[in-house]
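Asker: Provided herewith is a single structure, encoded as structure tokens, for subsequent inquiry.
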Amino acid sequence: MATTTKTGKPNALQKPMQPSPELAAVVGAGPLARSEVVSKIWDYIKSNNLQNPANKREILADDKLQKVFGRDKVSMFEMNKFISAHLK
121 MATTTKTGKP NALQKPMQPS PELAAVVGAG PLARSEVVSK IWDYIKSNNL QNPANKREIL
181 ADDKLQKVFG RDKVSMFEMN KFISAHLK
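Position in the sequence shown (first residue = 1) + 120 = my numbering.
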């Protein structure tokens, strides 16, 4: 998998982006590539047992993730939409 486009520029997934204060509380304050943000979110979800045991595709948000997602549960597919709103 290439990390650069044909012009030699980093692709959108590899470009470091600044997380919002709400997202930074979960992934850290420094600029991160989108792929790193998703990876750190999943590490946080797994280490805090936030997957619904009855439906592993559903994330049960704790206080920190509720500030990012704006709700108390989201599907793993919706998660990226909410994360995007917290990256600049």
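We put the beta carbon where it would ideally sit given N, CA and C, even for glycine.
Since this is a predicted model, take the numbers as computed values, not measurements.
Which residues does DSSP list as the beta-bridge partners of VAL147?
Answerer: Position 27 of the sequence shown holds residue 147. According to DSSP, which records beta bridges pairwise, VAL147 is partnered with nothing at all.
Asker: For the alpha helix (DSSP H) that ASN200 lies in, which residues bound it at each end?
Answerer: Looking up residue 200 in the sequence shown gives position 80. Per DSSP, ASN200 belongs to the alpha helix (DSSP H) from 196-204.
Asker: Give every residue of the same chain whose Cβ lies closer than 8 Å to the Cβ of GLU178, excluding the five residues on either side of it in the sequence, and list them in chain order.
Answerer: Residue mapping note: residue 178 aligns to position 58 of the sequence shown, counting from 1. Counting only Cβ-Cβ distances below 8 Å, and skipping sequence neighbours, we find GLN171, ASN172, LYS193, VAL194, SER195 and MET196.
Asker: Between the alpha carbons of LYS187 and GLU142, how many angstroms are there, rounded?
Answerer: To locate residue 187, count along the sequence shown from 1; it is residue 67. To locate residue 142, count along the sequence shown from 1; it is residue 22. Distance between the alpha carbons of LYS187 and GLU142: 6 Å.
Asker: Inspect the beta-carbon positions of LYS201 and MET137 and report whether they are closer than 9 Å.
Answerer: Start at 1 with the first residue of the sequence shown, and residue 201 comes out as number 81. Start at 1 with the first residue of the sequence shown, and residue 137 comes out as number 17. Cβ distance not < 9 Å, so LYS201 and MET137 don't count as in contact.
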